[in-house]
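This report concerns only the one structure given below.
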Amino acid sequence: MGDVVTIRTRKVMTNRLLARKQMVVEIIHPSRPSVPKTEIKEKLASLYKTTSDLVIPFGFRCKFGGGKSVGFALIYDTLDLAKKFEPKHRLIANGSLQKVERGGRKQRKERKNRQKKAFGTAKKNVSAGKK
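Here it is, written out as structure tokens:
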């Protein structure tokens, strides 16, 4: 991919309370339909001399006519602080957190109602059910 992609940052602000830098990111990509977030993360990390796992880009929209996208990016000081302040869905999209599978809604409700019938410590032994 020898296409030229230019990344510019605007409105850069250092937010000491949340231990991060936050900015508006403009991406100019005249010969491509869009730019993947992994590439954005790598370029911003090299621009701000940090690792790519601390960079969280989101909210990118392509401008009408193509060739330009504008979005937002956060660069945290450490990964622990990112996990503390960042919403879970954004951490999952960034790859910093694994999605927790909890099963279907109906299965959870059925299990809850079966647990009501059990007494005391027997509640933990109630399983998914009979089929």
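Heads up: take any position in the sequence shown, counting from 1, add 18, and you land on our numbering. Heads up, the beta-carbon is just placed ideally off N, CA and C, and yes, glycines get one too. Computed from a predicted structure; not experimentally measured.
Check	Outcome
For residue 82, the first and last residue of its enclosing alpha helix (DSSP H)	No alpha helix (DSSP H) holds residue 82; DSSP gives it neither H nor E.
First and last residue of the uninterrupted beta strand (DSSP E) at residue 35	Element bounds for residue 35: n/a, residue is neither H nor E.
Residue 184 versus residue 117: straight-line alpha-carbon distance, rounded	As shown, the chain starts at 19 and ends at 149. That puts residue 184 outside it, with no answer to give.
Continuous alpha helix (DSSP H) assignments of at least 4 residues falling wholly in the stretch 42–78	55–65
Sub-8 Å separation of residue 108 and residue 74 beta-carbons	yes
Distance CB(residue 44)-CB(residue 88) smaller than 8 Å	yes
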